[in-house]
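In full-length UniProt numbering, the protein residues as written are 1 to 107.
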């Protein structure tokens, strides 16, 4: 069971259940509990649609408009969210989130 915030679930973009597969695909350990791999999704979407799919798979299953909205709202970086790109995706997303927060609350 994932953590909840109101009507949303804290979701792992790269599923926690596939952490070992992610690490094997890039040849190094990937910590899927890092903030760059966490996002908020409506409970129903997380439990019934996304579940433990790879991010590129479930985004492809959504309509273009919905996939773009999810990526925009959750600050996805310009890195294809495939297993081979997990480390780069997570790091780029953390940098993007950090930059956003600094611009919004510090500057």
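Virtual Cβ for every residue (Gly too), placed ideally from N, Cα, C.
- State buried or exposed for residue 9, treating a residue as buried only when at least 16 other CB atoms are found within 10 Å of its CB. Counting from 1 along the chain shown, the entry for residue 9 is found at position 9. It counts as buried.
- Start-to-end residues for the alpha helix (DSSP H) that takes in residue 61: Walking along the chain shown from the start, residue 61 turns up at place 61. Start and end: 55 to 61.
- Pull up the distance between the alpha-carbon of residue 18 and that of residue 72, whole angstroms please. As a first step, residue 18 must be located in the chain shown, where it is residue number 18. As a first step, residue 72 must be located in the chain shown, where it is residue number 72. Looking at the two C-alpha atoms, the distance is approximately 24 Å.
- Query: Helix, strand or coil: which one does DSSP assign to residue 90?
  - Reply: Along the chain shown, read from residue 1 onward, the residue named residue 90 stands at position 90. Looking at residue 90 - three-state DSSP - the assignment turns out to be helix.
- Message: For residue 31 and residue 39, what's the separation of their Cα atoms in angstroms?
- Response: Working through the chain shown from its first residue, we reach residue 31 at position 31. Working through the chain shown from its first residue, we reach residue 39 at position 39. Using only the alpha carbons, I get a separation of about 15 Å.
- Message: Closest to residue 11 by C-alpha separation, out of 21, 37, 26, would be which residue?
- Response: Here residue 11 corresponds to residue number 11 of the chain shown, with the count starting at 1. The shortest C-alpha separation from residue 11 is found at 37.
- Query: In whole angstroms, what is the alpha-carbon distance linking residue 92 and residue 33?
  - Reply: Along the chain shown, read from residue 1 onward, the residue named residue 92 stands at position 92. Along the chain shown, read from residue 1 onward, the residue named residue 33 stands at position 33. Rounded to whole angstroms, residue 92 to residue 33 spans 15 Å at the Cα level.
- Sorted by chain position, which residues of the same chain lie with C-beta nearer than 8 Å to residue 62's C-beta, five sequence neighbours on each side aside? As a working note, residue 62 is residue 62 in the chain shown. Contacts found: 49, 70.
- Among 20, 85, 45, 103, which has the Cα closest to the Cα of residue 66? Walking along the chain shown from the start, residue 66 turns up at place 66. Checking every option, the nearest Cα to that of residue 66 belongs to 45.
- Taking only the alpha-carbon atoms, compute the straight-line gap between residue 76 and residue 27 and give it to the nearest angstrom. Walking along the chain shown from the start, residue 76 turns up at place 76. Walking along the chain shown from the start, residue 27 turns up at place 27. So the two alpha carbons sit approximately 23 Å from each other.
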